[in-house]
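Chains as they are written, first to last, in this note's numbering: chain A, 15 to 673; chain B, 15 to 673; chain C, 15 to 673.
Even for Gly, the Cβ is constructed at its ideal location relative to N, Cα and C.
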Amino acid sequence: MQERKGPGLSDATRGRLLFGGDYNPEQWPEETWHEDLRLMKDAGVNSVTLGVFSWSKLEPEPGAREFGWLDTLMDLMHENGIGVVLATPTSSPPPWMGRLHPDTLPVTEDGRTEWWGGRQHFSHSSAAYRRYAAAITEDLAARYGGHPALTMWHINNEYCTFDHGDEAAAAFRRWLREKYGTLDALNEAWGTAFWSQGYDCWDGILPPRLPHYMRNPTQVLDFRRFTSDMLLECYTAERDIVRRHTPHIPVTSNFMPLWFGQDAWRWAGEEDVVSVDLYPDPRDPLGAQNGALVQDMTRSQARGPWVLMEQAAGPVNWRGVNHPKPRGLNRLWSLQAVARGADAVCYFQWRQSRQGAEKFHSGMVSHAGEEGRTYREVKQLGADLARIAPQVAGRHITANVAVLHDWNAWWAGAQDGRPSSQVDYPDVLRAWHRALWQAHLTTDFAHPEHDLTPYSVVVVPQLYALTDAAIDNLLAYARGGGTLVCGFLTGVADEDDRVRPGGMDARLRELFGIRTLHEWWPLDPGETVACEGFRGTLWSEEIEPADPDDTTCYKGGELDGMPAVLRKGRAWYLSTLPEPEALRELLARIAGDAGVRPVLDGLPEQVEAVLRGEVLFVLNHGREPVTVEVPGTHHDLLTGTAVTDRVTLGRYGAAVLRP
Amino acid sequence: MQERKGPGLSDATRGRLLFGGDYNPEQWPEETWHEDLRLMKDAGVNSVTLGVFSWSKLEPEPGAREFGWLDTLMDLMHENGIGVVLATPTSSPPPWMGRLHPDTLPVTEDGRTEWWGGRQHFSHSSAAYRRYAAAITEDLAARYGGHPALTMWHINNEYCTFDHGDEAAAAFRRWLREKYGTLDALNEAWGTAFWSQGYDCWDGILPPRLPHYMRNPTQVLDFRRFTSDMLLECYTAERDIVRRHTPHIPVTSNFMPLWFGQDAWRWAGEEDVVSVDLYPDPRDPLGAQNGALVQDMTRSQARGPWVLMEQAAGPVNWRGVNHPKPRGLNRLWSLQAVARGADAVCYFQWRQSRQGAEKFHSGMVSHAGEEGRTYREVKQLGADLARIAPQVAGRHITANVAVLHDWNAWWAGAQDGRPSSQVDYPDVLRAWHRALWQAHLTTDFAHPEHDLTPYSVVVVPQLYALTDAAIDNLLAYARGGGTLVCGFLTGVADEDDRVRPGGMDARLRELFGIRTLHEWWPLDPGETVACEGFRGTLWSEEIEPADPDDTTCYKGGELDGMPAVLRKGRAWYLSTLPEPEALRELLARIAGDAGVRPVLDGLPEQVEAVLRGEVLFVLNHGREPVTVEVPGTHHDLLTGTAVTDRVTLGRYGAAVLRP
Amino acid sequence: MQERKGPGLSDATRGRLLFGGDYNPEQWPEETWHEDLRLMKDAGVNSVTLGVFSWSKLEPEPGAREFGWLDTLMDLMHENGIGVVLATPTSSPPPWMGRLHPDTLPVTEDGRTEWWGGRQHFSHSSAAYRRYAAAITEDLAARYGGHPALTMWHINNEYCTFDHGDEAAAAFRRWLREKYGTLDALNEAWGTAFWSQGYDCWDGILPPRLPHYMRNPTQVLDFRRFTSDMLLECYTAERDIVRRHTPHIPVTSNFMPLWFGQDAWRWAGEEDVVSVDLYPDPRDPLGAQNGALVQDMTRSQARGPWVLMEQAAGPVNWRGVNHPKPRGLNRLWSLQAVARGADAVCYFQWRQSRQGAEKFHSGMVSHAGEEGRTYREVKQLGADLARIAPQVAGRHITANVAVLHDWNAWWAGAQDGRPSSQVDYPDVLRAWHRALWQAHLTTDFAHPEHDLTPYSVVVVPQLYALTDAAIDNLLAYARGGGTLVCGFLTGVADEDDRVRPGGMDARLRELFGIRTLHEWWPLDPGETVACEGFRGTLWSEEIEPADPDDTTCYKGGELDGMPAVLRKGRAWYLSTLPEPEALRELLARIAGDAGVRPVLDGLPEQVEAVLRGEVLFVLNHGREPVTVEVPGTHHDLLTGTAVTDRVTLGRYGAAVLRP
């Protein structure tokens, strides 16, 4: 990834932490706008996102333009000192588009049309859609590019549509033709010699529509790459338009975290600002860890500060049961995001809707209004953020541990016909990050072809498919003295999902001291396997070792006495997923041996501590108060008081300490 | 609802209780018809329904007519003193209709055609279907309107089809245009400003076909209203034809109980006789209560006696496991229906089929025939009904408690994207009715805009959406001294599914003493919440009270000390669903305070007692004998014996006592 | 079934046991072929199947032919003494076929096209498909019919596609017209008088596409017969082509065991060799019994030795969790197949794929290669088979017990709207076979119209529908002194799925001493019912007995004192499914009374013993060693040692003993 040259997040923050959210004023009468401005200013809001779902308002019929209402709002925001993140409205086309151009509607793998009446009902491959999207983007950029309220461009919203229809099929063929050049190369890469799938002309290739029985996995893999690339083309087309008008204004598009359809490493390289939407379940005991994972990943993609573009002040409305945030949790999780690199804390949405599909998704101003607990806590948070901003905004975070993650490996592995449907890539990734998080170690994420030399420890939860370059990179890292910890189902396939000889790359096997990988022994749901000192979950392996320096073995059963964990030098291989506590202990020990320690010693389990720049965030994720040892004297930016040697945090309490 | 002027149920019953069922003689050779008549008379059958599924027999090809066989049967019935409920055959079009007019076939929300080969494969919006339906109805009415066997018209059967196809889309647009007049009004009502859904022309509006992500909820709500209205149009079109021929013959169409697709309040207003099909699971420990609910609701829709058009003498065939009725249960549940207002006890169907999709659905004459237990019990019941009819038929029931129910509230609330998918409207309704039933209180159902003054207690299990008129009605009832008990998720939205300010109507909040409704705290599946004296299920709320007279509070957890139940005067609000026993006790206490008591004191749990006219029904739902205190001396119409102060009922036993 | 005249399995085996598997060399470079040959010879492989998935390789574009690579392979095989089972490639058409002829693609019951990109995406009714299939078959037969490597023809692969599309609809109508002659006959057989389904012209008849509510069951039943017949037509068309070229070469098509879509009794009559694919789950505690069932059924269809065409040397890849075979299990289960009549032990596939949808399905040579445990065990097995072949190949097995099975009964019973969805025909069949297997009794399978006189005991687990001829056959068998044991839901319907008077055939009722079958009482999931001496599962019945000689009664509940099991003479009726141990004991006792005993007395539970010809197979299915009493002195063909009075078998151990 090359260094980005253009504008960046600091051009929008200008030393502040942004605070605000999506604002959809077209839902409200104008008198409500003025009430909103009063409450925004009262709460310290300094940024709103306008226009995300405004297409039918801006272009009520094809080619029409209605900008007046937006002119008013842009001006109002500017007058009130609130910056505007202006969105292109292209994630939700107006009804007329589907009516006039049914080819803009996506088609599912089983041939079902996704109709208008919801949102995101556009095909990334539709020429008509792209034409309309470019036109409205052009006009928005021309009209508001010079507006003083404008601080950032927000392209589309949560890109996420697959399409298996005929126009997508044609685009897929073009994409494949560009990638492979010849049908022979494609047939070779896809292994079409099996099951009589050899293509004799490009027109015979389809998106992976539902077949009678299992699809070609490389076709599926390429279709996932194609989808990410098509969506990215939609993004870059709009980005290039706004850049032409406003080369000085940074551009972003908000990710959904760990979303399957976008290779966010590639996408981040095309953005000036990386932003993400984050909605952990308030009831999830691991909600804070899930948040930390997304924050670490987004920071790593951004290579610095990033934007929390959406979170919920209270409940969402798309879970089976939508729990509100208990008192204090909104503030705590917001501070956690800042601790882990966010320079903006924003919400979907400012004022909770009264109508439409998201009226039970909370807003910063809930249905209970100004008197509601939600708004009162939002207001408190606004003040907190303003207090800490000068010492925090723009500051970087240093991590000594990297977790490797790659969409291509995920895409290649998440297929029908694999060894175990119980193995879920995101779950495995979460399990490893959780172990590190619970060991109080700050971690980055990295792509397997990134430069890993800055890290003392690199962990690979599961990279089923790896390019030769990635394997070279891992080997170089290990040879260079790095500590490499690797989970099962890594290095099995190459980038075409072709199984490597021996069922796992030979050089990796050599690295870990594995002679022969006889069989995988995936575990049934709920089953565990005994090992020396712990129990493994999910998976086990029948390995014949070559020359490891050290092994921990399976105990009992068919694998009795065979190695579950192998170590050769500083390279570790885990052929099972240890239960959480065991994995935490193992990784803490390995990290300790590599000289990596938590930012604070003796942290209670429920407390998270992160160093951002010079500022130490101490966060209590428990409902019970807790006292934490913090050697020396610090200044708590939240309370304005001095803290010596220890700090006591109430329920969901936080301290933001400057030495 | 205006008073019905035309003929009524009594014109068909003429002082009797009707007994019989659907008769599909076209399945059988003519010799079986004579055998049937012998068994019918033996069993006391005095009414059969003919023609429900006879379309392809009556009109074997388009425009043809074959009435001869029906002539014979009408005559045979008349000769044997059995009245005929004559059905229009329009619920199951012949195969030729789908073949010649594929546009008559319904289309599901995901674009799938519902083909012929089953039943009910007709689109309510199809002009072709309606044309054929009108023609066959016309000819049936002309031919049999004057037949002396004819006692009632039975239009179609269990109306229940949705349609998302193109002809339905056009009809939906017409319906919307009539409702809203202008697109502006529709856009406003649907809240289309959100998610860029503004319609610029009527042709852009679709039925709520499956989208990429969540549909517009008001579109969905209106589509449900539209569906009920279209089906009603199908009904009234046929009704008007038969009325023209036979203004003196009452007309009905059999409901499925609590069926989602029909607003039965509106429908009942268009019927001369209200009839229902009732199939509780014989294995369900709450089968009798579920039956009572449907009977109470149907009676309330009929505003007097009603028709049990279909029940099963034994097992049905559409459950996963289809249990037969144990000895005595058919009689007991039939008497329960009469106790709760039925003037007709009928079955699907007379003789169990040997072929076709319902051959494992029981009949009054089962596969075991005359010697089978089923027929023997049917025969006993026929005699019982004849015995009690003179004292029972046509008599009314008085209830002092009303349960409010409205399809619009159900339709508005049962959507994606709501706070909790665990909240199921019919389940909540059942839970409240069950509490009243187990408290031995006889209840009516009422629409929220009905006159409530006849009732001492009105309970609102859950009316998520309420019109202003309904709120006025509730407030007037409460101000008039009525006792109002109201469950959570009531008064949240208006009739367009627009959330009312504060998340619950302000006047209702004031009525119950609620200042601020901060957050809903829906519970996870299986979770309960502790309150003072009981445990709540399904839901809880973070309420800041204003000035209630009394509260019962949550204990522990995030809501500790906040009010779970508020009372202000005679107005009660329950922010959770108490466990069954607790709800029963609470409602019994509130009813008692309002002067409402069971018809008998000290009733054992398994015994139901209902007063119909002057006759007291005492029903033992247990398998063990039980003795019930019945002060004074009564005459048991079933046994012909006198009963003094107490009556002993055997397993599934009943007494029908006249003072 | 007439005696087969043509070539048979012995023409391919020529005194050997075939050993090998599917070989898909088109996946590999030519250098791998030579490596393969070395390993094959090393492992004792003497047979490979070529060409199963080679269509797009043989005919890369319509009409083209590329035989060169196959010429090379045929020659190579011959040079190395390995016979070739040559497959027609017609189970997986090349992509160009779907592209040029979309009508060749099957359509599901809900209207979804099954696209190319997987396999088996062909419609059995497609004229275009059949034309191309015939042409490639013709050319293969012409080219290789005289090749010395050719030992057998393998037509298509696992025929299994349903089709509800328009071309299939036309074929269905033709099939029905041929069966019924007149629409009246069809209307009568289907019972279309019910639900207004009378057909007025053939064009109105459809495949049973998804309706609004339940389909006509006889339509569904005929559609299943039609599907089996259409697939069989595809088979016989190709078979006739190859027979014309090579009348001396036997022809087969590999079955999937107990597959719903093929009446294998009919199919077997059209094959020279019966072959099957067998994949028990290595984790299934009843895996060996499931294997035995398939082996017994295949042997019965073959009326002698048969071919195990596919099994897995290790894990498959289509289960949720795919377990490998523990050490020794592959050998044990292979010997079990030989014990039960297999003259060929083959695998899918020789070398595990590196690409495509089945790359995680094991091969004889796994990804671990020559050093992997899988190949090492395969090699050991090859040697074992060679050792025992001279005493085993071609030998027959005698069974005194027959289990009746009929696809028509299964098809008729497996419908919506039946008494209990918990009753699964294959599960019931397995339960009865399991009882016999665990009683160490060798069993055949038979069709209900087969000659049953060779058997001392005939068991009927469940034949819901029976023809009159089948009932005659059963009655004649019983009258002739045979012992008949019959489970519930037998004889309920005739061949048109018309329920017989009384709910069960009157002559069968008389046979068992049943007067009236009042009601079925299906049990809920997990529920059991107490009987004298055991517990019943799944089902119970309310029976009024006539004159049985003996009964075992239900205890408690609604059926207390009514007969659960009736015996009249040698005819037994079980109205429930006894728990496994009880059924085993009952059947062992009944068999013993009929003079049927296990081949060895006192066998431990985990040991299976089968006599094939003169050779006794003793198989230990346990992981613990076991000693088995085998009176007298035998020669163990596997070890070459003598065995006197007892033999000790290790984990998964086997002895193959010649007297």
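So, is the C-beta of residue i closer than 8 Å to a C-beta in chain C?
i	result
His226/A	yes
Gln233/A	yes
Just the C-alpha distance for residue i and residue j, rounded to the nearest angstrom, thanks.
i	j	result
Ala316/A	Val288/A	5 Å
Trp421/C	Phe274/C	7 Å
Ile96/C	Ala449/C	41 Å
Val335/B	Arg409/C	47 Å
Leu525/C	Pro468/C	21 Å
Leu182/C	Gly328/A	The amino acid occupying residue 182/C in the given sequence is Ala; Leu does not appear at that position. Spanning the two alpha carbons is a distance of roughly 55 Å.
Ile255/A	Phe208/B	26 Å
Leu300/A	Ala596/C	49 Å
Ala101/A	Ile169/A	6 Å
Asp9/B	Lys393/B	With chain B represented from 15 up to 673, any question about residue 9/B goes unanswered, as that position is not in the structure.
Gly550/A	Gln309/A	28 Å
Arg677/C	Gln452/C	No answer is possible for residue 677/C: it lies beyond the span of chain C, which begins at 15 and ends at 673.
Within 8 Å (strictly less), CB to CB, does residue i reach chain A?
i	result
Ala207/B	yes
Ser367/C	yes
Tyr666/C	no
Glu372/C	yes
In the DSSP output, what is residue i paired with across the bridge?
i	result
Cys500/B	Val474/B, Tyr587/B
Leu100/B	Leu64/B, Trp167/B
Val642/A	Val661/A
Arg626/A	Val629/A
Asn268/A	Ser289/A
Tyr37/C	Leu64/C
Roughly how far, in whole angstroms, is the beta-carbon of residue i from the beta-carbon of residue j, given that I think they are within contact range, below 8 Å?
i	j	result
Arg401/C	Leu591/C	Incorrect: roughly 42 Å between the Cβ atoms, too far for contact.
Chain B beta carbons: is any one of them nearer than 8 Å to that of residue i?
i	result
Asn422/C	no
Ser70/A	yes
Thr127/A	yes
Just list the alpha helix (DSSP H) runs in the region 521-608 of chain B, keeping only unbroken ones of 4 residues or longer that don't cross its boundaries, in chain order.
Fully enclosed alpha helix (DSSP H) runs of 4 or longer: 594-607.
Any chance you could list the alpha helix (DSSP H) runs of at least 4 consecutive residues sitting entirely within the region 294-328 of chain B, in chain order?
For the region 294-328 of chain B, whole alpha helix (DSSP H) runs of length 4 or above, ordered along the chain, are 301-316.
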